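Undergrad:
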Amino acid sequence: MLEELKTAKKVVGIKQLRRALKDRSAKLVFLAKDADPALTGPLLAQCRENGVEVVTDITMSELGKACGIAVSSAAAAIVR
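First residue of the sequence shown? That's 822 in the working numbering, and the numbers climb one at a time after it.
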């Protein structure tokens with residue numbers, strides 16, 4: 822799935838993911854397992870409400886690298 826994240830249309834970061842969930846454009850969400858649960862918890866709940874698949878077995882560093890950015894990231898999503 823990380824390979825797909827590298828090439829797909831995506832959003833990176835908590836704020837952009839919130840927007841993608843709000844407008845229902847998120848198809849697959851990645852939440853880092855080492856991110857602050859206070860930030861990722863509400864996003865996870867919203868994904869479940871919207872029926873969006875969530876991947877949580879990735880670290881912030883791995884997620885940032887997969888997104889092609891030089892810093893770590895707590896959240897990302899493949900969007901429509």
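Backbone N, C-alpha and C fix where the C-beta goes; we use that ideal spot for every residue, glycine too. The structure displayed is predicted, hence computed values, not measured ones.
1. Would you kindly work out how many angstroms separate the C-alpha atoms of residue 822 and residue 866, rounded to a whole number?
2. Among residues of its own chain, excluding the 5 on either side of residue 864, which ones have a beta-carbon nearer than 8 Å to its beta-carbon?
3. Quick one: residues in its chain with C-beta nearer than 6 Å to the C-beta of residue 874, no 5 flanking neighbours on either side, listed in chain order?
4. Among residues of its own chain, excluding the 5 on either side of residue 885, which ones have a beta-carbon nearer than 7 Å to its beta-carbon?
5. Short of 8 Å in beta carbon distance, which residues of its chain neighbour residue 856, apart from the five on each side in sequence? Order them along the chain.
TA: On the basis of the data shown:
1. 21 Å
2. 835, 838, 839, 842, 850, 852 and 896
3. 849
4. 892, 893 and 894
5. 881, 895 and 896
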